[in-house]
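Residue numbers (the numbering used here): 115 to 461.
All remarks here apply to the structure that follows.
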Ligand code: SPD
């Protein structure tokens with residue numbers, strides 16, 4: 115036994131993900147972030163400048179991220195939760211408090227993106243990008259006018275529609291169409307919008323939260339309800355892809371960086387957060403993923419074309435008055451169940 119023990123220890127050390135206790139600490143920064151949101155060039159530049167290695171894992175919804183994080187299925191140093199997810203994580207004590215002295219570039223954020231209601235004082239989170247969910251359509255095929263959700267889910271477009279695979283988002287389209295506030299997700303309100311959503315979803319061809327622009331580009335779909343960054347990329351590709359802020363109502367989402375309570379690399383995580391708040395780095399993010407950039411200094415570096423993209427910066431839309439999702443606690447499972455059931459029935 116005595117002779118085998120060192121070999122066993124060596125094997126365990128070699129195979130272990132976290133090497134603490136084996137004389138060496140794993141100092142790779144582990145990111146768990148939305149797909150199609152963090153440019154590889156940004157990661158590479160961070161590693162080049164700091165020597166810190168980065169590993170990236172992706173998800174396609176807040177719920178997917180929360181399920182994995184809370185089940186302890188991964189060991190992450192940075193996550194990228196949206197507004198309502200930050201609020202829930204803070205409430206449950208799942209995030210580490212940020213040391214603002216280590217993040218001096220916080221000053222670059224536009225005032226309206228500091229101190230947001232889901233995290234007053236940016237105690238636990240820092241905005242990455244903001245955006246909207248709206249309608250995109252191929253004007254060469256869809257004659258219009260397209261002003262709201264009701265113009266998307268018509269018999270004419272049946273089988274030619276792409277939508278986000280995101281239950282909370284889909285439910286919000288039904289709620290605003292029925293004149294119900296987006297955060298009023300009671301069982302009674304869900305029952306009220308069920309027939310409308312069942313009708314709408316029966317006409318959907320593709321559910322895609324990762325890259326809903328892909329079926330639009332390939333011509334598999336003609337119209338869809340997608341993230342504004344995806345609409346902006348389509349518009350950049352070809353202005354025949356028109357962007358519409360739905361007349362029934364639009365909310366804004368704010369996606370953030372935050373450090374989970376189990377991260378052992380807090381200093382490096384804060385270094386990364388400070389890095390992405392640099393105007394030149396934040397511009398690199400906008401170049402690849404043209405969402406609404408909350409970094410006022412970075413926005414000054416954008417080209418006129420970037421600032422005039424109607425999906426990135428919708429003309430006349432006042433972000434300071436925009437509604438934002440809030441944490442709905444236990445009701446989240448009812449939202450998920452509603453959409454899962456409807457989708458299963460329309461298959
Ligand atoms: N591909 C990146 C998509 C980011 C979308 N933000 C999520 C908002 C959820 N309410």
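Ideal Cβ positions, reconstructed from N, Cα and C, are used throughout, including at glycine.
Could you tell me which whole beta strand (DSSP E) segments of length 3 or greater appear in the region 300 to 348?
If we require 3 residues or more, the beta strand (DSSP E) runs fully inside the region 300 to 348 come out as 318 to 321 and 337 to 341.
Own chain, CB closer than 6 Å to residue 413, minus 5 neighbours either side, in chain order
As a first step, residue 413 is located in the chain shown; it is residue number 299 there, counting from the start. So the list reads 407, once near-sequence residues are dropped.
Return helix, strand or coil for residue 443, following the three-state DSSP convention.
Working through the chain shown from its first residue, we reach residue 443 at position 329. In this structure, residue 443 counts as coil in the three-state DSSP scheme.
What is the rounded straight-line gap between the Cα of residue 397 and the Cα of residue 258?
Locating residue 397 in the chain shown gives position 283, where the first residue counts as 1. Locating residue 258 in the chain shown gives position 144, where the first residue counts as 1. If I take the Cα positions, the gap works out to 34 Å.
C-alpha distance - residue 419 paired with residue 207, whole-angstrom precision:
Here residue 419 refers to the residue found at position 305 when the chain shown is read from its first residue. Here residue 207 refers to the residue found at position 93 when the chain shown is read from its first residue. Between residue 419 and residue 207, the C-alpha separation is close to 42 Å.
Going by DSSP, name the residue or residues bridged to residue 356.
What you label residue 356 is simply residue 242 of the chain shown in a count that begins at 1. Answer by DSSP bridge pairing, in chain order: 251.
Residue 244 bridges to which residues according to DSSP?
For this step, residue 244 is matched to residue 130 along the chain shown. According to DSSP, residue pairing for residue 244 in a beta bridge involves 368 and 406.
Paired residues, beta bridge with residue 168 - DSSP:
Taking the first residue of the chain shown as 1, we reach residue 168 at position 54. Beta-bridge pairing links residue 168 to 143.
Specify, as a first and last residue, the run of the alpha helix (DSSP H) that residue 387 falls within.
As a position in the chain shown, residue 387 is number 273, starting the count at 1. From DSSP, the alpha helix (DSSP H) with residue 387 extends over 380 to 390.
Given a threshold of 16 other Cβ atoms within 10 Å of its Cβ, counted over all protein chains shown, does residue 221 qualify as buried or as exposed?
One-based indexing of the chain shown puts residue 221 at position 107. By the 10 Å Cβ count, residue 221 comes out exposed.
Can you check whether the CB of residue 249 is closer than 8 Å to the CB of residue 453?
For the purposes of this step, residue 453 is taken as residue 339 along the chain shown, with counting starting at 1. For the purposes of this step, residue 249 is taken as residue 135 along the chain shown, with counting starting at 1. No.
Name, in chain order, the residues that DSSP records as bridge partners for residue 192.
On the chain shown, residue 192 is found 78 positions in, with the first residue counted as 1. For residue 192, which the question treats as bridged, DSSP gives the partners 145.
Any idea if residue 335 is buried or exposed, counting beta-carbon neighbours within 10 angstroms, 16 or more meaning buried?
In the chain shown, residue 335 corresponds to position 221, counting from 1. Burial call: buried.
Just how far apart, CA to CA, sit residue 251 and residue 289?
Indexing the chain shown from 1 puts residue 251 at position 137. Indexing the chain shown from 1 puts residue 289 at position 175. The alpha-carbon atoms of residue 251 and residue 289 are separated by roughly 22 Å.
Spatially closest choice to residue 243 from 324, 320, 157 and 151, by CA coordinates:
The residue labelled residue 243 in the question sits at position 129 within the chain shown. Ranking 324, 320, 157 and 151 by Cα distance to residue 243 puts 151 first.
With respect to the alpha helix (DSSP H) encompassing residue 284, which residues constitute its N-terminal and C-terminal limits?
The sequence position of residue 284 within the chain shown is 170, counting from 1. Counting along the chain, the alpha helix (DSSP H) containing residue 284 begins and ends at 281 to 291.
Give every residue of the same chain whose Cβ lies closer than 7 Å to the Cβ of residue 235, excluding the five residues on either side of it in the sequence, and list them in chain order.
As a first step, residue 235 is located in the chain shown; it is residue number 121 there, counting from the start. Cβ within range, chain order: 229.
CB-CB under 6 Å to residue 436, same chain, minus the five flanking residues each way: which ones, in chain order?
What you label residue 436 is simply residue 322 of the chain shown in a count that begins at 1. For residue 436, where only same-chain residues beyond five positions count, the Cβ hits under 6 Å are 366.
Is it the case that the CB of residue 149 approaches a heavy atom of the ligand SPD more closely than 7 Å?
Residue mapping note: residue 149 aligns to position 35 of the chain shown, counting from 1. Placement of the Cβ of residue 149 at a distance of less than 7 Å from at least one heavy atom of the ligand SPD is found.
Out of 432, 422, 387 and 328, state which residue places its alpha-carbon closest to the alpha-carbon of residue 214.
Mapped onto the chain shown, residue 214 falls at position 100. Out of 432, 422, 387 and 328, 387 has the C-alpha closest to the C-alpha of residue 214.
Would you mind sorting residue 358 into buried or exposed? The rule is 16 or more other CB atoms within 10 Å of its CB.
Numbered from its first residue, the chain shown carries residue 358 at position 244. By the Cβ neighbour-count rule, residue 358 is buried, with 16 or more other Cβ atoms within 10 Å of its own.
Just the C-alpha distance for residue 326 and residue 277, rounded to the nearest angstrom, thanks.
Indexing the chain shown from 1 puts residue 326 at position 212. Indexing the chain shown from 1 puts residue 277 at position 163. Approximately 7 Å between the Cα atoms of the pair.
Report yes if the C-beta of residue 388 is less than 7 Å from at least one heavy atom of the ligand SPD; otherwise report no.
The residue you call residue 388 lines up with position 274 of the chain shown. No, the Cβ of residue 388 stays beyond 7 Å of every heavy atom of the ligand SPD.
I'd like the list of long-range same chain contacts for residue 377, defined as Cβ closer than 7 Å, with 5 residues on each side in sequence excluded.
By one-based count along the chain shown, residue 377 stands at place 263. Non-local beta-carbon contacts of residue 377 in its own chain, meaning distances under 7 Å to residues more than five positions away in sequence, involve 190, 191, 210 and 383 in chain order.
Can you tell which of 148, 153, 160 and 149 has the C-alpha that lies nearest to the C-alpha of residue 385?
In the chain shown, residue 385 corresponds to position 271, counting from 1. Nearest option by C-alpha distance: 160.
Looking at residue 432: is its Cβ nearer than 8 Å to the Cβ of residue 196?
One-based indexing of the chain shown puts residue 432 at position 318. One-based indexing of the chain shown puts residue 196 at position 82. No, Cβ-Cβ distance for residue 432 and residue 196 is not below 8 Å.
Assign residue 275 to one of three DSSP states: helix, strand, or coil.
For the purposes of this step, residue 275 is taken as residue 161 along the chain shown, with counting starting at 1. Looking at residue 275 - three-state DSSP - the assignment turns out to be strand.
At the level of alpha carbons, what is the spacing between residue 275 and residue 322?
Residue 275 sits at position 161 when you count from the first residue of the chain shown. Residue 322 sits at position 208 when you count from the first residue of the chain shown. Whole-angstrom Cα-Cα distance: 11 Å.
Distance, Cα to Cα, residue 143 vs residue 212?
Taking the chain shown and counting its residues from 1, the one referred to as residue 143 is at position 29. Taking the chain shown and counting its residues from 1, the one referred to as residue 212 is at position 98. Those two C-alpha atoms are separated by around 16 Å.
How far does the alpha helix (DSSP H) with residue 420 in it reach, from first residue to last?
As a position in the chain shown, residue 420 is number 306, starting the count at 1. From DSSP, the alpha helix (DSSP H) with residue 420 extends over 418 to 421.
Taking the straight line between their C-alpha atoms, what separation do you get for residue 262 and residue 299?
The residue labelled residue 262 in the question sits at position 148 within the chain shown. The residue labelled residue 299 in the question sits at position 185 within the chain shown. Rounded to the nearest angstrom, the two C-alpha atoms are 21 Å apart.
heavy atom of the ligand SPD below 7 Å from residue 282 C-beta
Translated into positions along the chain shown, residue 282 becomes position 168. Yes, the beta carbon of residue 282 sits closer than 7 Å to at least one heavy atom of the ligand SPD.
Distance, Cα to Cα, residue 393 vs residue 409?
Counting from 1 along the chain shown, the entry for residue 393 is found at position 279. Counting from 1 along the chain shown, the entry for residue 409 is found at position 295. Going by the C-alpha atoms only, they are around 7 Å apart.
List the endpoints of the continuous alpha helix (DSSP H) containing residue 202.
Here residue 202 refers to the residue found at position 88 of the chain shown. Element bounds for residue 202: 197 to 205.
I'd like to check one pair, residue 343 with residue 404: are the Cβ atoms closer than 8 Å?
For the purposes of this step, residue 404 is taken as residue 290 along the chain shown, with counting starting at 1. For the purposes of this step, residue 343 is taken as residue 229 along the chain shown, with counting starting at 1. Against a cut-off of 8 Å, the Cβ pair of residue 343 and residue 404 comes out as a contact.
Apart from the five residues on each side of it in sequence, which residues of its chain come closer than 7 Å, Cβ to Cβ, to residue 286?
Residue numbering aside, residue 286 sits at position 172 when the chain shown is read from its first letter. Closer than 7 Å at Cβ, skipping near neighbours: 296 and 365.
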